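Asker: Quick note, the first sequence lines up with residues 1 to 524 if you use this note's numbering.
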Amino acid sequence: MIKAIRGTRDLMPPETALWNFVETAVRDVFRAYNFHEIRTPIFESTELFARGVGEDTDIVSKEMYTWEDGARAADYSVYRKWATTRFPGVKAFDQVDPDAAQLRSPLPTMSIQLEGQWNFIVFAYQLTTEALFLLQLATEKLKRTTEFRLVTALPLPSNFEALKSVPLITEMVSIDSFPQSLTLRPENTAGVVRAYIEHKMWDRGLSKFFYIGPQFRRERPQKGRYRQFYQIGAEVIGPATAGSESPARDAEILEMLATLLDRLGITGWTLELNSVGCARCRPAYLERLKDALQGVAPTMCADCQRRAVTNPLRVFDCKVPEDQPIIDTLPTITNFLDEECHIHFAQVKTILDSVHIRFLQNNRLVRGLDYYTRTAFEFTHGALGAQNAILGGGRYDGLSEALGGPAAPGIGFAIGEDRLVMSLTETAEAVLRKPDVYVAPLGAGMNREAARLARELRRHDLVVELGDETFRLKKSFETAAKLGARYILILGENEAKSNVFAVKNLATGEQRSVPRAELAQSIQ
RNA sequence: GUGGGAGUAGCUCAACAGGCAGAGCACCGGACUGUGGCUCCGACGGUUGCGGGUUCGAUUCCCGUCUCCCACCCCA
């Protein structure tokens, strides 16, 4: 049996009803805040994530699904063009290898016919990186974006002796571009900002995007952690003159998230908030933190000793009880914010207070992705085990520039949809819309009339399930009850003739005879 | 990537110390041929995750492997 691969899963009914419930609520809430949907590709160039997420993050350094997209279907035409110039008298070509674009194929790429005979077979090879490098040294004119392939035309003489006297013809042929390194997106912010830049959105003031879709990370699966997982996110990005840098944006996003969680009926969440400074004030803080760690790290747990060297900020994530008093003595970023960052953070908090959003200032909250600046936040939920963060986000004022775009401050978040669904208290059945009416055709020939009736009822926005004329009436009743249908409509010979139908309320047991024209209304 | 636990019918789980693979629920049919839920009866359902080893004999013991769960790591 072929099974879903590790870390992926099928979302099946009735659970999908819960996912739809979530996504419908998300769209409703986002609309009220004037966010608009964006859909970016699920794969992008590897470079985007290396620059956008950070080369040194775990995500980029060891969790991405990356591959070389090198095959080019147009290759054959390149070789054909080469042959035309090289052998002016060529009469015909024959593509020998149907997969000429697959460079590792041992088959000849094509044969060439000169004057009525098959005279040459042609092989093409991809040059190694080392060979290319030497070539570039030798000829400065070569463009970086040009890929060269070695093409050899092997003459086919009439006998073996003649083979010695004919020369091989070997030349270089250039192909338009290198194979590209591509990656399944591990998150969506980089893609959104890439699209923002590519479509020159800065000319249109403030952009407010949201997205819902799958992301991919090659981590070890666990509860609430999958290799294909789903994120719901939003981004506010634009020129500073459009207000993108304002603390009002931060507060608006946080208030929107609180509204969304309330709307979904999720209780018991906590908003943790911090400011991680900016490119101007954070370096000084990091130096102080490293200095402080140098003294105490040897007395801490093995993980912290490692973090102290590789990623000092992550020391704050430590959960070892013995380390906590030590961590409490470490300097926090909060005390190192420069004037502007401090004011910005204070204003975010002031606005949150005024709209009555409760939050917990957590001076230890740090983010794992390089591009975050200033406001950083997480919403956590108790019932999720070790993966207790249902959403996280923050400000990323330098991301656009890091990706080669204009200055465009922004703030965004990502909700782990898998985890959000897990923390819902409703069962999937509760949000599943059950059939309004079950149409039970009774007797040979009744399927046709049943189809007509169902069509009419569905046009009144009713959920209709349809039985079959071969079912005995008892079976239709059982099926209707099992489906949770509110009504059953009986359609036998009598009803078909009189155009008056037996409609029974399955909950109350009340049964009435209803003329065709009043059917939809009687079921509402 | 590291450590631990678990995989038996569609689902939840049994099977003593190695000896005929079972139950409840679900599903299908009948009792009941135009009136459901209840009840009763019956049928269906399995390469015991997969592969190898030990044994007269393996769900059971051993080795390998895959997947899920828990924790770490990291994140959402």
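By construction, the Cβ of each residue, glycine as well, lies at the ideal position given by its N, Cα and C atoms. The structure presented is a predicted model; accordingly, all values stated were derived computationally and were not measured.
For Thr-66, which option in Lys-349, Glu-510, Thr-183 has the closest C-alpha, if you only look at C-alpha atoms?
Answerer: Nearest option by C-alpha distance: Thr-183.
Asker: Quick check: what's the CA-CA separation for Arg-218 versus Arg-227?
Answerer: 5 angstroms
Asker: Could you tell me the alpha carbon to alpha carbon distance between Ser-246 and Ser-207, rounded to whole angstroms?
Answerer: 14 angstroms
Asker: Under the assumption that Ile-232 contacts Val-26 (Cβ atoms under 8 angstroms), give the Cβ distance between them as a whole number of angstroms.
Answerer: About 6 angstroms separates the Cβ atoms of Ile-232 and Val-26, confirming a contact at the 8 angstroms cut-off.
Asker: Measure the C-alpha to C-alpha separation of Lys-143 and Thr-373 and round it to an integer number of angstroms.
Answerer: Residue placement at Lys-143 is poorly supported in this model, since its pLDDT is 43, which falls under 50; the coordinates are not used for a value here.
Asker: Would you kindly check if the distance between the Cβ of Ile-121 and the Cβ of Val-90 is under 9 angstroms?
Answerer: no
Asker: Given this structure, state the Cα-to-Cα distance separating Lys-475 from Glu-469, to the nearest angstrom.
Answerer: Counting only the Cα atoms, Glu-469 lies some 11 angstroms from Lys-475.
Asker: Within the same chain, show all residues whose beta-carbon is closer than 7 angstroms to that of Gln-361, passing over the 5 residues directly before and after it, in chain order.
Answerer: Leu-273, Asn-274
Asker: Sort Ile-38, Ala-480, Leu-293, Leu-257 by Cα distance to Glu-378 and report the nearest one.
Answerer: Leu-257
Asker: Could you spell out the range, first to last residue, of the alpha helix (DSSP H) harbouring Gln-324?
Answerer: Counting along the chain, the alpha helix (DSSP H) containing Gln-324 begins and ends at 324-329.
Asker: Alpha carbon to alpha carbon, what distance is there between Gly-52 and Lys-554?
Answerer: Residue numbering for the chain in the displayed model covers 1 to 524; residue 554 lies beyond these limits and cannot be assessed.
Asker: Please state whether DSSP places Asp-468 in a helix, a strand or coil.
Answerer: coil
Asker: In its own chain, which residues sit with a C-beta less than 8 angstroms from the C-beta of Gly-410, not counting the 5 before and 5 after it?
Answerer: Val-193, Glu-235, Val-236, Ile-237, Gly-238, Ser-244, Arg-395, Tyr-396, Asp-397, Leu-399, Ser-400
Asker: Please list the terminal residues of the continuous beta strand (DSSP E) segment that includes Ala-17.
Answerer: First-last for Ala-17: 15-32, but that is the alpha helix (DSSP H), not the beta strand (DSSP E).
Asker: Check the C-beta distance from Val-22 over to Glu-417 and give it rounded, since I have them as a contact under 8 angstroms.
Answerer: 7 angstroms
Asker: Can you tell me whether Asn-188 is buried or exposed, with buried defined as 16 or more other CB within 10 angstroms of its CB?
Answerer: Under this definition Asn-188 is a buried residue.
Asker: Please state if the CB of Tyr-211 and the CB of Arg-472 are separated by a distance shorter than 9 angstroms.
Answerer: no
Asker: Which stretch, first to last residue, makes up the alpha helix (DSSP H) that contains Ser-400?
Answerer: Where Ser-400 is concerned, the enclosing alpha helix (DSSP H) stretches over 399-402.
Asker: Taking one C-beta from the stretch 446-459 and one from the stretch 483-498 each time, how about it: are there three or more such pairs within less than 8 angstroms?
Answerer: yes
Asker: My output table needs one value for Phe-316: the three-state DSSP class, helix, strand or coil.
Answerer: The answer is helix: DSSP assigns Phe-316 an H, G or I state.
Asker: Between the C-alpha atoms of Asp-328 and Thr-8, what's the straight-line distance to the nearest angstrom?
Answerer: 40 angstroms
Asker: Mind checking which residues open and close the alpha helix (DSSP H) that includes Pro-88?
Answerer: It is not in any alpha helix (DSSP H) - Pro-88 carries neither H nor E in the DSSP assignment.
Asker: Threshold first: 4 residues or longer. Then list the alpha helix (DSSP H) segments lying entirely within the stretch 339-379, N to C.
Answerer: 339-354
Asker: Output the boundary residues of the alpha helix (DSSP H) element that contains Pro-283.
Answerer: DSSP places Pro-283 inside the alpha helix (DSSP H), whose first and last residues are 282-296.
Asker: Could you check if Leu-2 is buried or exposed, using at least 16 other CB atoms within 10 Å of its CB as the buried criterion?
Answerer: It should be noted that the sequence gives Ile, not Leu, for residue 2. Exposed, because fewer than 16 other Cβ atoms sit within 10 Å of the Cβ of Ile-2.
Asker: Considering only C-alpha positions, which residue in the set Ala-407, Asn-505, Gly-277, Lys-223 is nearest to Arg-486?
Answerer: Answer by Cα proximity: Asn-505.
Asker: At what residues does the beta strand (DSSP E) containing Asp-194 begin and finish?
Answerer: Residue identity check: residue 194 is Arg in the sequence provided, not Asp. Where Arg-194 is concerned, there is no enclosing beta strand (DSSP E), although the alpha helix (DSSP H) it sits in stretches over 189-198.
Asker: Quick check: Leu-491 and Val-439, are their CB atoms within less than 9 angstroms of each other?
Answerer: yes
Asker: Could you check if Ala-461 is buried or exposed, using at least 16 other CB atoms within 10 Å of its CB as the buried criterion?
Answerer: Residue 461 is actually Asp in this sequence, not Ala. Exposed, because fewer than 16 other Cβ atoms sit within 10 Å of the Cβ of Asp-461.
Asker: Please report the residue range of the alpha helix (DSSP H) in which Asn-494 lies.
Answerer: 493-498
Asker: Can you tell me whether Asp-203 is helix, strand or coil according to DSSP?
Answerer: helix
Asker: Look up Arg-217 in the DSSP assignment and say whether it is helix, strand or coil.
Answerer: coil
Asker: Going by alpha carbons, who is nearest to Asp-250 out of Ala-376, Ala-284, Phe-316, Leu-289?
Answerer: Ala-376
Asker: Going along the chain, which residues of its own chain have a beta-carbon closer than 6 angstroms to the beta-carbon of Met-201, five neighbours each way excluded?
Answerer: Excluding positions up to five away in sequence, the list reads Ser-207.
Asker: Would you say Leu-254 and Val-366 are within 9 angstroms of each other, going by their C-beta atoms?
Answerer: no
Asker: Residues in the same chain with beta-carbon distance under 6 angstroms from Ala-32, minus the five sequence neighbours each way, listed in chain order, please.
Answerer: none
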